[in-house]
Structures are given as structure tokens and as C-alpha cells.
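**Student:** Protein sequences, first through last, are from chains A and B.
If you read the first sequence in our numbering, its first letter stands for residue 128, the second for the next number, and so on.
If you read the second sequence in our numbering, its first letter stands for residue 322, the second for the next number, and so on.
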Amino acid sequence: MKKKILYLVNWIVLIGSTIIVCVVLGVILYDIFSKGFSSVNWNFISELPTEGMTKGGILPAIIGTTLLTFITTLFSVPFGVGCAIYLNEYAKPSILTNIIRASIRNLAGIPSIIYGLFGLALFVQAFKLGTSVLSAGLTLGLLSLPYIITTAEEALKRIPISMREATLALGTTQFETIKDIVLPKALPGILTGIILTLSRAAGETAPILFTGVAFYINGLSFSVNKEFMALPYHLYMLSTQHQSIEQVRPLAYGTAVVLILLVFILNSIAFYIRFKQNSTDY
Amino acid sequence: MEIKLSAHSLNLYFGKKKILKNINIDFDKNQVTSLIGPSGCGKSTLLRCFNRMHDLTPDAKIEGILKLDYLDIYDKKNSVTDIRRRIGMVFQKPNPLPKSVYENLSYALKIHQFSSKEIPQLIESALKESYLWDEVKDDLKKPAVKLSGGQQQRLCIARAVVLRPEVILMDEPCSSLDPISTNKIEDLINSLKKDYTIVIVTHNMQQARRISDKVAFMYLGEVIEFGTTENIFKNPQNELTKNYVGGHFG
Chain A
128 MKKKILYLVN
138 WIVLIGSTII
148 VCVVLGVILY
158 DIFSKGFSSV
168 NWNFISELPT
178 EGMTKGGILP
188 AIIGTTLLTF
198 ITTLFSVPFG
208 VGCAIYLNEY
218 AKPSILTNII
228 RASIRNLAGI
238 PSIIYGLFGL
248 ALFVQAFKLG
258 TSVLSAGLTL
268 GLLSLPYIIT
278 TAEEALKRIP
288 ISMREATLAL
298 GTTQFETIKD
308 IVLPKALPGI
318 LTGIILTLSR
328 AAGETAPILF
338 TGVAFYINGL
348 SFSVNKEFMA
358 LPYHLYMLST
368 QHQSIEQVRP
378 LAYGTAVVLI
388 LLVFILNSIA
398 FYIRFKQNST
408 DY
Chain B
322 MEIKLSAHSL
332 NLYFGKKKIL
342 KNINIDFDKN
352 QVTSLIGPSG
362 CGKSTLLRCF
372 NRMHDLTPDA
382 KIEGILKLDY
392 LDIYDKKNSV
402 TDIRRRIGMV
412 FQKPNPLPKS
422 VYENLSYALK
432 IHQFSSKEIP
442 QLIESALKES
452 YLWDEVKDDL
462 KKPAVKLSGG
472 QQQRLCIARA
482 VVLRPEVILM
492 DEPCSSLDPI
502 STNKIEDLIN
512 SLKKDYTIVI
522 VTHNMQQARR
532 ISDKVAFMYL
542 GEVIEFGTTE
552 NIFKNPQNEL
562 TKNYVGGHFG
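1. Within 10 angstroms of its Cβ, does N352 (chain A) collect 16 or more other Cβ (buried), or is it exposed?
2. Who are the Cβ neighbours of P557 (chain B) in its own chain at under 7 Å, not counting the five residues just before and after it?
3. Give the DSSP-derived three-state secondary structure of N345 (chain B) in the structure shown.
4. Which residues, in chain order, does the region 411-431 of chain B contribute to contact with chain A at a C-beta distance below 8 Å?
5. Under three-state DSSP, which class holds N372 (chain B)?
6. Check whether the region 316-332 of chain A and the region 434-452 of chain B are in contact - that is, three or more C-beta pairs closer than 8 Å.
7. So, using beta-carbon positions, are E216 (chain A) and F412 (chain B) closer together than 8 Å?
8. Who are the near neighbours of Y409 (chain A) in its chain, counting only those whose CB is closer than 7 Å to its CB and skipping five residues on each side?
9. Could you work out which residues of chain A lie near L484 (chain B), taking near to mean beta carbons separated by less than 9 Å?
10. Buried or exposed: which applies to D158 (chain A), given that a residue is buried once 16 or more other Cβ atoms fall within 10 Å of its Cβ?
11. A218 (chain A) to T300 (chain A), Cα distance in whole Å?
12. At the level of alpha carbons, what is the spacing between E489 (chain B) and E560 (chain B)?
13. Between M374 (chain B) and chain A, is the shortest Cβ-Cβ distance under 8 Å, so that the two count as touching?
14. How big is the Cα-Cα spacing for G471 (chain B) and L498 (chain B)?
15. Nearest by alpha-carbon distance to Y360 (chain A): which of A:S350, A:S289, A:V385, A:S371 is it?
16. Is there a Cβ of chain A sitting closer than 8 Å to that of R405 (chain B), yes or no?
17. Below 7 Å, is the gap between the Cβ of N394 (chain A) and the nearest heavy atom of the ligand SAH?
18. Pull up the distance between the alpha-carbon of D307 (chain A) and that of L314 (chain A), whole angstroms please.
19. Quick one: residues in its chain with C-beta nearer than 6 Å to the C-beta of P176 (chain A), no 5 flanking neighbours on either side, listed in chain order?
20. Distance check for S221 (chain A) and A188 (chain A), CA to CA, integer angstroms please.
21. Going along the region 205-228 of chain A in order, which residues come within less than 9 Å of chain B, judged by CB to CB distance?
22. For T378 (chain B), decide whether its Cβ has a neighbour in chain A, counting only Cβ atoms nearer than 8 Å.
23. Given G257 (chain A), which residues of its chain have a CB within under 7 Å of its CB, disregarding the five upstream and five downstream residues?
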């Protein structure tokens with residue numbers, strides 16, 4: 128009897144936590160979509176902002192965020208995956224590699240605003256890249272590195288040692304084994320990590336605040352060494368910094384909808400890759 | 322009898338722990354030699370010394386001289402990839418590559434730069450030698466993991482055979498297979514013996530008896546007794562060997 132009650136309590140607590148999480152998510156999504164969906168239409172995503180941003184669309188911010196994410200990817204993926212391969216495949220367990228691993232874990236815990244300040248000091252000032260898409264992208268790249276390294280290392284770790292032994296015993300070099308067997312097999316896991324990390328980076332505001340994001344730019348800019356507009360900052364600005372907040376509120380909600388949809392699309396791709404992997408798992 | 326593979330004064334440590342103790346053993350050319358002994362006696366560890374699989378284990382330390390013909394296996398001058406090409410290995414659990422049946426065999430051939438003209442021929446004959454050809458010839462593009470366990474293991478043997486090694490090391494190749502597949506693999510080992518020197522680790526004493534010319538009994542990291550199959554099973558000299566082959570422990 129006592130056991131039965133205990134079991135019931137456990138069940139209620141667990142299902143309760145799950146429901147609470149889902150309800151919170153549901154309320155947030157409902158709130159944003161109900162208020163913002165009406166302002167999202169083709170013009171909203173294909174036009175420049177006009178009349179002091181009280182009208183028009185958010186095209187420059189979409190382009191800015193896309194460009195920014197692209198640079199982040201270009202910087203963080205090769206370094207991150209390379210580092211993960213080194214740590215998991217080559218590095219012998221030693222104090223040094225333990226220090227490297229601990230540092231990477233710690234990097235992941237640093238508040239994003241600190242990355243912003245660091246990017247300002249390093250990329251904007253020391254490297255003289257100015258406040259630009261490039262500086263901001265590199266800063267976000269730094270922020271993404273620890274996540275990409277950690278997830279890629281986990282993906283590599285899941286490849287059983289027997290798989291490596293199979294080819295090594297045939298007289299392949301370690302490099303060939305990694306290139307031909309380990310990486311292709313770990314790729315879905317690595318990609319999932321990359322996409323989840325990037326979708327998070329795309330929504331960051333603090334690191335780009337000092338390194339290149341602008342309140343407003345004139346016209347469309349595809350240049351990597353100029354300032355840019357970005358969705359999360361645009362949202363922040365519309366909802367707190369604008370003179371006529373009431374007037375731009377629907378636009379702010381619309382921006383939030385676009386940002387959420389963007390992240391949602393990225394996450395679905397990650398989900399799809401994982402699903403594909405599970406269904407073709409060897 | 323010509324000696325193909327040998328270990329002399331071999332000691333192996335994992336960290337501070339001594340796993341193999343002063344092993345001296347010679348494997349004859351074109352013969353099947355079984356390593357038997359209770360779990361944890363070091364038979365697999367010994368086997369893996371010959372193709373330097375312990376290179377992957379950071380804290381493994383090896384002393385002694387291991388030779389393939391006159392070649393010193395652990396000499397820094399000799400490339401490990403070349404040694405592994407000459408000493409093939411089949412593992413306990415079938416571990417086909419996540420590729421098609423055909424690619425499982427072509428992969429190593431390409432790595433070792435066989436000409437693309439001879440590759441199909443080599444693959445066909447390796448599959449025939451491994452008694453797998455008839456079962457897979459119509460669908461060589463099939464993913465190797467879709468084969469049955471026994472077929473996978475024969476594919477792994479074919480994968481080792483396709484490179485024309487001189488020695489094939491087998492680490493309990495039948496331990497995860499059913500009796501019918503085991504039977505096929507034993508036949509296969511028997512027929513491979515004319516071209517290759519085979520060293521096989523096995524848990525199964527009947528199997529050792531059926532397939533091997535010589536048997537080495539190992540216990541706690543030492544070779545206790547080494548001799549012809551007949552002598553080891555019918556007339557063991559050592560008390561431990563007698564008890565083990567008599568089924569009193571293990």
C-alpha cells in the first residue's frame with residue numbers, strides 16, 4: 128500500500144514537471160504568435176523599415192542575422208570540429224588535455240555579455256576590424272566553440288572502438304580511419320550539435336551589442352565590414368528603446384515570431400538529421 | 322617446420338600491472354595454433370601484440386622481441402600499417418564497416434593502392450575463399466550490417482583475406498555465432514590454412530581440438546604448456562593444463 132502511494136506521488140511529480148514545462152512554452156508561444164502573427168506577411172519580411180521604424184519590414188535584420196550566422200559557422204565549425212577530433216582521437220589522457228577539457232567546459236559557462244566585451248577588445252579594437260558583421264560573427268563564433276567542441280566530442284565518443292580497430296587492423300593510418308570511417312559515422316551527431324549551437328547563437332543579443340549591431344542602417348548591406356541589423360537586437364530595441372513603443376509593439380511581436388520560426392526551422396533540421404540517423408543506424 | 326611468427330621474452334604492462342609474463346612462443350607457417358585458457362588469462366592480449374593493436378592503448382608498455390619472419394614487429398623503422406597489412410585480424414564481434422559488402426572489401430585495397438583493374442577480381446576470390454560468394458554475389462551493394470551475424474563474420478574474414486596477408490589473427494571469431502555459423506567458420510579456417518598462418522584465440526575447447534595443429538594453454542599471463550593438439554588434450558604434462566582441458570576449471 129505504502130509502495131503504491133509512493134509510486135503514485137512519483138508519477139504525479141514527474142508528469143507535473145513535464146506539464147509545467149510544456150504549459151510555460153505553450154503560453155509563451157501563444158502570447159507571441161497571437162500578437163505577432165497578424166503583422167507577419169510577405170511585405171514584413173521583404174521590405175526595409177520606414178518612417179522611424181514604425182512601418183515597413185525587417186529585411187535588413189533578416190539579412191544581418193543570416194550573414195552573421197554564416198560567419199559564425201565559418202569560424203566555429205572548422206575549429207570546433209578540429210578541436211573535438213584532436214581531443215577525442217589523438218590527445219593522450221594527461222594533465223594538459225584535462226586542463227584543455229576543463230577550460231572548454233568553463234568557456235561554455237561564461238556569460239554572453241563577457242564575450243561581447245572580449246570581442247570588442249580583441250576583434251574591434253586590437254585587430255582593427257571595427258564594429259562590423261565580421262567582428263560580431265567572430266565573437267559569436269567564440270561563444271559557439273565550446274558547445275560545438277563538446278557535442279562533436281560526444282558524437283565521436285559514440286563511435287565504438289571496434290569500428291576503428293576494424294580499419295586499423297587492415298593497415299590504414301589513424302588519419303584515414305578518422306576521415307573514412309569515424310567522421311562519416313559521427314557526422315549526423317556533429318551536425319545536430321552544430322545546428323543547435325548556431326540556432327542559439329543566432330538569437331544572442333549581448334555578444335553583438337558592442338561588436339557591430341546597429342539600431343538602424345540605411346538600405347541593405349551585404350558587406351561584412353560594416354555595421355548591421357540583427358533580429359534579436361531589433362526586437363530588443365523595438366520593445367524597450369523606441370520613442371513610440373505602443374506604435375511599434377506589433378512589429379516587435381512580428382520580429383519575435385520571425386526569430387522563433389527561424390530557430391524552429393534550424394531545430395527541425397537537427398531533429399530530422401537525428402531521426403534519419405536513428406532509422407539508418409548500423 | 323618453418324617459424325612464421327614468434328614472441329621472445331615478451332612482457333606486457335597496462336600501467337603498473339603486468340599482464341603478460343615472459344612469453345616465449347613460436348607459430349609455425351601454414352598451421353593453425355589455438356590459444357586457450359580461462360577468461361582474463363591474457364590470450365587476447367597476447368594475440369593483439371602481434372599486429373600492434375596495443376599501440377592504441379596509452380598506458381600499455383611492451384618489452385621483448387616479436388618477429389614476423391625476420392622482421393622485428395616493434396622496430397621503430399618498420400611501419401605499423403605495413404605490419405598490419407601482412408598480419409590480418411578478425412575480431413570477437415563481427416565489425417563490418419558501415420558500408421556495402423563490396424566496399425567493405427574494396428576499402429583496404431584502395432588504401433593500399435591496388436590497381437582498380439584487379440580489385441573486382443580480388444574481391445570475388447576473397448569472397449569465394451570465405452564461402453560467402455554464393456550468398457552475396459547477387460547483391461554486393463547491400464549494406465554489410467544487413468547480413469546475418471555469421472555472414473558478417475565471414476565478411477570480416479574475407480576483408481582480412483582480400484589483402485593477402487601472411488598471418489591471420491582471430492580473436493574468438495565464433496563466440497557470438499550460432500553452431501551452424503561456427504561450423505562454417507571452422508571449415509573456412511581449415512581451408513585457409515594452406516595459404517595463411519593462423520593464430521586463434523578460443524574459449525571453446527572442442528573447437529581448439531577440431532581446428533588446431535598446435536595448442537598453447539595460458540594461465541594468469543603465462544604460457545603454461547605449448548604443444549601439438551594431441552599432446553595437450555590427451556597427454557598434458559602440467560597439472561593446470563590437465564585440470565583445464567579436463568574441464569575442472571575455466
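In this text, a Cβ means the ideal position worked out from N, Cα and C, and glycines have one as well.
**Tutor:** According to the structure data:
1. To locate residue 352 (chain A), count along the first sequence from 1; it is residue 225. Burial call: exposed.
2. For the purposes of this step, residue 557 (chain B) is taken as residue 236 along the second sequence, with counting starting at 1. Hits under 7 Å: E546, K563, V566.
3. On the second sequence, position 24 is the one that residue 345 (chain B) refers to. Of the three classes helix, strand and coil, the one that applies to N345 (chain B) here is strand, per DSSP.
4. F412, K414, N416, P417, L418, P419, Y428, A429
5. Mapped onto the second sequence, residue 372 (chain B) falls at position 51. If DSSP states are grouped into helix, strand and coil, N372 (chain B) belongs with coil.
6. no
7. Walking along the first sequence from the start, residue 216 (chain A) turns up at place 89. Walking along the second sequence from the start, residue 412 (chain B) turns up at place 91. F412 (chain B) sits away from E216 (chain A), with the two beta carbons spaced by 8 Å or more.
8. Sequence index remark: in the first sequence, residue 409 (chain A) carries index 282 (1-based). Reliability fails at Y409 (chain A), whose pLDDT of 49 lies under 50, so the model's placement of it is uncertain and no value is given.
9. What you label residue 484 (chain B) is simply residue 163 of the second sequence in a count that begins at 1. The contacting residues are L297, G298.
10. The residue given as residue 158 (chain A) occupies position 31 in the first sequence. Under this definition D158 (chain A) is an exposed residue.
11. For the purposes of this step, residue 218 (chain A) is taken as the residue at position 91 of the first sequence. For the purposes of this step, residue 300 (chain A) is taken as the residue at position 173 of the first sequence. A218 (chain A) and T300 (chain A): Cα-Cα distance of roughly 16 Å.
12. Working through the second sequence from its first residue, we reach residue 489 (chain B) at position 168. Working through the second sequence from its first residue, we reach residue 560 (chain B) at position 239. In the sequence on display, residue 489 (chain B) carries Ile and not Glu. Distance between the alpha carbons of I489 (chain B) and E560 (chain B): 31 Å.
13. Locating residue 374 (chain B) in the second sequence gives position 53, counting from the first residue. Yes - at least one Cβ of chain A is within 8 Å of the one on M374 (chain B).
14. Numbered from its first residue, the second sequence carries residue 471 (chain B) at position 150. Numbered from its first residue, the second sequence carries residue 498 (chain B) at position 177. Cα-Cα distance, rounded: 6 Å.
15. Indexing the first sequence from 1 puts residue 360 (chain A) at position 233. Answer by Cα proximity: A:V385.
16. Taking the second sequence and counting its residues from 1, the one referred to as residue 405 (chain B) is at position 84. It does; some Cβ of chain A falls within 8 Å.
17. Among the components of this structure there are no ligands whatsoever, and the ligand SAH is therefore not found.
18. Counted from its first residue, the first sequence places residue 307 (chain A) at position 180. Counted from its first residue, the first sequence places residue 314 (chain A) at position 187. Going from the Cα of D307 (chain A) to the Cα of L314 (chain A) covers about 11 Å.
19. On the first sequence, position 49 is the one that residue 176 (chain A) refers to. Closer than 6 Å at the Cβ level, and outside the excluded window around P176 (chain A), lie G183.
20. Translated into the one-based positions of the first sequence, residue 188 (chain A) becomes position 61. Translated into the one-based positions of the first sequence, residue 221 (chain A) becomes position 94. Between A188 (chain A) and S221 (chain A), the C-alpha separation is close to 46 Å.
21. Flagged, chain order: K219, P220, S221.
22. Along the second sequence, read from residue 1 onward, the residue named residue 378 (chain B) stands at position 57. It does not; no Cβ of chain A falls within 8 Å.
23. Here residue 257 (chain A) corresponds to residue number 130 of the first sequence, with the count starting at 1. So the qualifying residues of the chain are V251, N352.
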